[in-house]
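J.:
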Amino acid sequence: MTKFSFWGGVSLLDGSCREREKESDRRTGERREQQFRMDHHIQQQPHHYDGGENDYMQQEDDWDRDMLLDPAWEKQQRKTFTAWCNSHLRKAGTQIENIEEDFRDGLKLMLLLEVISGERLAKPERGKMRVHKISNVNKALDFIASKGVKLVSIGAEEIVDGNAKMTLGMIWTIILRFAIQDISVEETSAKEGLLLWCQRKTAPYKNVNIQNFHISWKDGLGFCALIHRHRPELIDYGKLHIVGTARPDEKAIMTYVSCYYHAFSGKQKAETAANRICKVLAVNQENEQLMEDYEKLASDLLEWIRRTIPWLENRVPENTMQAMQQKLEDFRDYRRLHKPPKVQEKCQLEINFNTLQTKLRLSNRPAFMPSEGKMVSDISNAWGSLEGAEKGYEEWLLNEIRRLERLDHLAEKFRQKAAIHEAWTDGKEEMLQQKDYETASLSDIKALLKKHEAFESDLAAHQDRVEQIAAIAQELNELEYYDSPSVNARCQQICDQWDSLGVLTQKRSEALQRTEKLLETIDQLYLEFAKRAAPFNNWMEGAMEDLQDTFIVHTIEEIQGLSTAHEQFKATLPEADKERQAILGIHNEIAKIVQTYHVNMAGTNPYTTINSQEINAKWDKVRQLVPQRDQALIEEHARQQNNERLRRQFANQANVIGPWIQTKMQEIGRISIEMHGTLEDQLTHLRQYEKSIVNYKPKIDQLEGDHQLIQEALIFDNKHTNYTMEHIRVGWEQLLTTIARTINEIENQILTRDAKGISQDQMNEFRASFNHFDRKKTGMMDAEDFRACLISMGYNMGEAEFSRIMSIVDPNRLGVVTFQAFIDFMSRETADTDTADQVMASFKVLAGDKNYILVDELRRELPPDQAEYCIARMTPYTGPDAVPGALDYMSFSTALYGESDL
1 MTKFSFWGGV SLLDGSCRER EKESDRRTGE RREQQFRMDH HIQQQPHHYD GGENDYMQQE
61 DDWDRDMLLD PAWEKQQRKT FTAWCNSHLR KAGTQIENIE EDFRDGLKLM LLLEVISGER
121 LAKPERGKMR VHKISNVNKA LDFIASKGVK LVSIGAEEIV DGNAKMTLGM IWTIILRFAI
181 QDISVEETSA KEGLLLWCQR KTAPYKNVNI QNFHISWKDG LGFCALIHRH RPELIDYGKL
241 HIVGTARPDE KAIMTYVSCY YHAFSGKQKA ETAANRICKV LAVNQENEQL MEDYEKLASD
301 LLEWIRRTIP WLENRVPENT MQAMQQKLED FRDYRRLHKP PKVQEKCQLE INFNTLQTKL
361 RLSNRPAFMP SEGKMVSDIS NAWGSLEGAE KGYEEWLLNE IRRLERLDHL AEKFRQKAAI
421 HEAWTDGKEE MLQQKDYETA SLSDIKALLK KHEAFESDLA AHQDRVEQIA AIAQELNELE
481 YYDSPSVNAR CQQICDQWDS LGVLTQKRSE ALQRTEKLLE TIDQLYLEFA KRAAPFNNWM
541 EGAMEDLQDT FIVHTIEEIQ GLSTAHEQFK ATLPEADKER QAILGIHNEI AKIVQTYHVN
601 MAGTNPYTTI NSQEINAKWD KVRQLVPQRD QALIEEHARQ QNNERLRRQF ANQANVIGPW
661 IQTKMQEIGR ISIEMHGTLE DQLTHLRQYE KSIVNYKPKI DQLEGDHQLI QEALIFDNKH
721 TNYTMEHIRV GWEQLLTTIA RTINEIENQI LTRDAKGISQ DQMNEFRASF NHFDRKKTGM
781 MDAEDFRACL ISMGYNMGEA EFSRIMSIVD PNRLGVVTFQ AFIDFMSRET ADTDTADQVM
841 ASFKVLAGDK NYILVDELRR ELPPDQAEYC IARMTPYTGP DAVPGALDYM SFSTALYGES
901 DL
């Protein structure tokens, strides 16, 4: 059978720590008692206390001095009160053996009051005379009276004389004031509250029926039930036996039970305080990790943007088409391979930021402010700069390719015309400088004069070609052709030679005219041949030049125009052939005259260097170039048809994908403001919607492939669609970002609902109110709409109150209220969240009501990781009651909620 003893129970509750502390407490108490005796001065001040209007704690049963005459009850009270006094005196390292003897000098009585009140009493007298003892006891009684206690008929003399009845009465009054008075359960009196607490704690136990503080406790099972309820490992309640005893003393029982109450309720408070601190610290640790993750991801993304923008802003052109095509291919790799993952990182960064801010609001923490330059707006601005540089870079690439293509074409055209002109001018200066007319006959002079006239005609005909060469060279300079110096040098040489030919021609003409009067008319047939052969020859040279001229076109219409012009040229060939036959007829007639009349003409036409063989050769060349030109036009026509097919192929897909993206954006906007099912249903629907959008990605990739074919074919416009690949890319990226943000908003709403205990009906009501006052249907309310919404929900507020509310829901002062901010505000109105004062009170419990806490206390009450977390962040306590190793839990608690620096 398990025996019951109150003080044995206390020993069980305290565990082995009590035994380890006894010796240390005893030595400490001896030192404190000795110091107590030495430091105080004895003053005789006898007092007697009588009744008055303010009686202390009117109990159901008043103090009955006659009851002490019962030896059994007096023994119970003596034992109980002695044990109660020793439980507190041991904290000072001392104790009493005989309650009426050991309090006679007043020293231990004053020490007892100092321990249980935590206050310093007046200094005691040093002497051992009766007057000194009475003075000390009076000081103790004065202190008790200062606490609002009336001591009826209890004087210092009775205590000094060792009156057991008065001494026990005084101790019972002290117990009532300092151990029982503060007990309150459901606004009852101390005694009733203590009784109610006992009834509730022992209700589940058999054979225990607590109705009072005497008969209900005589078998001891009530005490065992209280111990087992709070420390079941100490007692096997099932093996206890009922033992009958005499009626116990009520005051002794109340003393025992009050000690149980303080011991067990203190333990429960410590556990509750520790749990609260653990919860708060866990939230803080998680938020700090999220902040570190955000900072790293933001730094990496900004660093990538910083490295990429200079590359996109580099506008140093290349000199060849091949080099520029490689730049374009590098840009395509950037758009396909390098940028998409960064788009996802940017979107994830915004989602993480929003989730972190939501968690901070839900845990009543201050909003997260990233490092300078790493705000979401900073990243968005940097991203905008990146896309601006990207757009300008692509336009620059395409313009450079067009420029180089044009330059290559012009350079080739310049070389062809220059070569033809140089071939024509070859030897002309030497010819013009001849002095053949000086020794020529009259007929030779006439011939030379006519020949020179024909040359002048030919020279004038070549003027257009020289001007074309100069114009092409000028355009190459304006377009910054890389080989402009050599072009300029060649052009200058041609122009200088042309000027020289003009001067020489003029001089020769003047010389021939001077001798013209000395010469006879030369044969008109040669002259006629020369006059008709020269322009025909020039026409053939122009035709050959045109037939060999390179061309560049970008549309079907342009190649059709060239084909039409070519067909018109071919239509002139019969007339040209007639002219050729006529010129050859003149030549044949000259030959006939020479043969008939045996004219000595030296076998050549004196008026021109053109002969029939040359005309026939050039005519054959023209006839040969015509089918080659036909074939080139046919091939170019086929290429333009293929380009048109590529345009239509791209347009057909773009005209479907573009409206599809716009439709999806509109549908996501409707989903974000409509209320269909629970938030989980909406989240599931959005994720399915996101999956369907992601499954559409192959069509975007196919369109990218068609766009690459178009760029490789150097197609720069498309009349069949208004959508460019850039439009599609931007729309696709916006669609992915919008669906991800919408999903994140629903997730944050779920977090808010669960954390704040908001029901689905309340969430629907919030959404309905928000949608009703979102008059512009933008997913946000402006300030006036939000004011109207609050008024409709019963808020009666002035401008100052409304401004305060707007500062909460719109901290960035954008003038709008989002749905997330709206539900945060509505849920915050009734939410029960942790505060800095609550955490501070919890730490005070763990510290045993001290203004500071020790490292050992943190490690004893908290889990290891969270205890070390507190130790690393708490600053040393510097108050007047500080001890070595004391930590300041008050500043730490306020820092957790942003009220000071952590």
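Just so you know, the sequence shown maps onto residues 1 to 902 in full-length UniProt numbering. Cβ atoms here follow ideal geometry from the backbone N, Cα and C, with glycine treated the same way.
Is LEU476 near VAL487, with beta carbons less than 7 Å apart?
T.: Along the sequence shown, one-based indexing puts residue 476 at 476. Along the sequence shown, one-based indexing puts residue 487 at 487. Yes; because the gap between Cβ atoms is below 7 Å, this pair is in contact.
J.: Span of the alpha helix (DSSP H) holding ASP333?
T.: For this step, residue 333 is matched to residue 333 along the sequence shown. It spans 321 to 333 - the alpha helix (DSSP H) in which ASP333 sits, taken as one unbroken run.
J.: What residue from LEU281, PHE368, THR818, ASP293 has the CA that sits closest to ASP865's CA?
T.: Here the question's residue 865 lines up with position 865 in the sequence shown. Nearest C-alpha to ASP865: LEU281.
J.: Which residues bound the beta strand (DSSP E) around MET840?
T.: Taking the first residue of the sequence shown as position 1, residue 840 is located at position 840. Looking at the DSSP string, MET840 is not in any beta strand (DSSP E); the run it does join, the alpha helix (DSSP H), is 836 to 846.
J.: For ALA768, count the other beta carbons within 10 Å of its own beta carbon; 16 or more makes it buried, fewer makes it exposed. Which is it?
T.: In the sequence shown, the residue the question calls residue 768 occupies position 768. With fewer than 16 Cβ atoms within 10 Å of its Cβ, ALA768 is classed as exposed.
J.: For TYR795, does the count of other Cβ atoms within 10 angstroms reach 16, so buried, or fall short, so exposed?
T.: What you label residue 795 is simply residue 795 of the sequence shown in a count that begins at 1. That one is exposed.
J.: If you run the structure through DSSP and keep just helix, strand and coil, what is THR721?
T.: Position 721 of the sequence shown holds residue 721. Note: THR721 maps to coil in three-state DSSP.
J.: Determine the burial state of TRP498: buried for a count of at least 16 other Cβ atoms within 10 Å of its Cβ, exposed for fewer.
T.: In the sequence shown, the residue the question calls residue 498 occupies position 498. Label assigned to TRP498: buried.
J.: Over what stretch of residues does the alpha helix (DSSP H) that includes VAL208 continue unbroken?
T.: Stepping through the sequence shown from its first residue, residue 208 is reached at position 208. No alpha helix (DSSP H) holds VAL208; DSSP gives it neither H nor E.
J.: Alpha helix (DSSP H) containing THR355: first to last residue?
T.: The residue you call residue 355 lines up with position 355 of the sequence shown. Residues 339 to 362.
J.: If I follow the unbroken beta strand (DSSP E) through MET540, where does it start and stop?
T.: By 1-based counting over the sequence shown, the position of residue 540 is 540. Taken as a continuous stretch (DSSP letters only), MET540 belongs to no beta strand (DSSP E), being part of the alpha helix (DSSP H) at 524 to 548.
J.: Out of curiosity, what's the CA-to-CA distance linking THR188 and ASN352?
T.: If you number the sequence shown from 1, residue 188 lands on position 188. If you number the sequence shown from 1, residue 352 lands on position 352. When rounded, the distance between both Cα atoms is 52 Å.
J.: DSSP on THR572, reduced to helix/strand/coil?
T.: Taking the sequence shown and counting its residues from 1, the one referred to as residue 572 is at position 572. If DSSP states are grouped into helix, strand and coil, THR572 belongs with coil.
J.: Looking at C-beta atoms only, is the number of pairs between the segment 792 to 810 and the segment 222 to 236 that lie closer than 8 Å three or more?
T.: The segment 792 to 810 vs the segment 222 to 236: no contact.
J.: Could you spell out where the alpha helix (DSSP H) holding MET166 opens and where it closes?
T.: What you label residue 166 is simply residue 166 of the sequence shown in a count that begins at 1. Taken as a continuous stretch (DSSP letters only), the alpha helix (DSSP H) holding MET166 covers 164 to 175.
J.: Hey, could you find the ends of the alpha helix (DSSP H) THR818 is sitting in?
T.: Numbered from its first residue, the sequence shown carries residue 818 at position 818. Unbroken run through THR818 is the beta strand (DSSP E), 816 to 818; no alpha helix (DSSP H).
J.: With a Cβ-Cβ cutoff of 7 Å, do residue 903 and HIS452 count as a contact?
T.: As shown, the chain starts at 1 and ends at 902. That puts residue 903 outside it, with no answer to give.
J.: Does the segment 341 to 350 come close enough to the segment 426 to 434 that 3 or more CB-CB pairs lie under 8 Å?
T.: Short answer: they don't touch.
J.: Output needed for ALA367: all residues of its chain with C-beta closer than 8 Å, excluding positions within five of it in sequence on either side, in chain order.
T.: As a position in the sequence shown, residue 367 is number 367, starting the count at 1. So the qualifying residues of the chain are GLN357, LEU360, ARG361, PRO811.
J.: Quick one: what's got a C-beta closer than 7 Å to MET110's C-beta in the same chain, skipping five residues either side?
T.: Position 110 of the sequence shown, counted from the first residue, corresponds to residue 110. Closer than 7 Å at the Cβ level, and outside the excluded window around MET110, lie LEU121, PRO124, ASN136, LYS139, ALA140.
J.: Measuring alpha carbon to alpha carbon, tell me which of GLU745, HIS228, ALA156 ends up nearest ARG687.
T.: Position 687 of the sequence shown, counted from the first residue, corresponds to residue 687. Among GLU745, HIS228, ALA156, the Cα nearest to that of ARG687 is on GLU745.
J.: Taking the beta carbon of GLN682 as the centre, do at least 16 other beta carbons fall within 10 Å, making it buried, or is it exposed?
T.: As a first step, residue 682 is located in the sequence shown; it is residue number 682 there, counting from the start. With 16 or more other Cβ atoms within 10 Å, it is buried.
J.: Which stretch, first to last residue, makes up the alpha helix (DSSP H) that contains MET806?
T.: For the purposes of this step, residue 806 is identified with residue 806 of the sequence shown, where counting begins at 1. Residues 799 to 809.
J.: Quick one: Cα of LYS251 to Cα of GLN76, how far?
T.: Walking along the sequence shown from the start, residue 251 turns up at place 251. Walking along the sequence shown from the start, residue 76 turns up at place 76. So the two alpha carbons sit approximately 9 Å from each other.
J.: Let me check understanding here. Comparing Cα to Cα, which of GLY815, ARG315, GLN524, ALA841 lies closest to GLU395?
T.: For this step, residue 395 is matched to residue 395 along the sequence shown. GLU395 has its Cα closest to that of ARG315, out of GLY815, ARG315, GLN524, ALA841.
J.: Measuring straight from C-alpha to C-alpha, what distance separates GLY798 and GLU114?
T.: Counted from its first residue, the sequence shown places residue 798 at position 798. Counted from its first residue, the sequence shown places residue 114 at position 114. So the alpha carbons of these two residues sit roughly 54 Å apart.
J.: Determine, using beta carbons only, whether ARG580 and TRP619 come nearer to each other than 7 Å.
T.: Indexing the sequence shown from 1 puts residue 580 at position 580. Indexing the sequence shown from 1 puts residue 619 at position 619. Going by C-beta atoms, ARG580 is nearer than 7 Å to TRP619.
J.: List the endpoints of the continuous alpha helix (DSSP H) containing MET375.
T.: For the purposes of this step, residue 375 is taken as residue 375 along the sequence shown, with counting starting at 1. No alpha helix (DSSP H) holds MET375; DSSP gives it neither H nor E.
J.: Where THR355 and SER827 are concerned, what is the direct C-alpha to C-alpha distance, given to the nearest angstrom?
T.: Counting from 1 along the sequence shown, the entry for residue 355 is found at position 355. Counting from 1 along the sequence shown, the entry for residue 827 is found at position 827. Going from the Cα of THR355 to the Cα of SER827 covers about 17 Å.
J.: Please state the DSSP three-state secondary structure of THR521.
T.: Your numbering for residue 521 matches position 521 in the sequence shown. At THR521, the pLDDT of 38 sits below 50, so the modelled position is not reliable and the matter cannot be decided from this model.
J.: DSSP three-state call for MET780: helix, strand or coil?
T.: Numbered from its first residue, the sequence shown carries residue 780 at position 780. The answer is strand: DSSP assigns MET780 an E or B state.
J.: Note down, in chain order, each residue of its chain lying with its Cβ closer than 7 Å to the Cβ of THR738, except the 5 sequence neighbours on either side.
T.: Residue numbering aside, residue 738 sits at position 738 when the sequence shown is read from its first letter. Answer for THR738: MET665, ILE668, listed in chain order.
J.: From the DSSP output, read off the bridge partner residues of THR875.
T.: One-based indexing of the sequence shown puts residue 875 at position 875. DSSP lists ASP888 as partners of THR875.
J.: Once you ignore the five residues that flank GLU412 on each side, which residues in its own chain have a CB closer than 8 Å to its CB?
T.: As a first step, residue 412 is located in the sequence shown; it is residue number 412 there, counting from the start. These residues qualify, in order along the chain: THR550.
J.: Under the rule that 16 or more other beta-carbon atoms within 10 Å means buried, what is LYS578, buried or exposed?
T.: Here residue 578 refers to the residue found at position 578 when the sequence shown is read from its first residue. By the 10 Å Cβ count, LYS578 comes out exposed.
J.: Can you tell me whether MET369 is buried or exposed, with buried defined as 16 or more other CB within 10 angstroms of its CB?
T.: The sequence position of residue 369 within the sequence shown is 369, counting from 1. Its Cβ having fewer than 16 others within 10 Å, MET369 is exposed.
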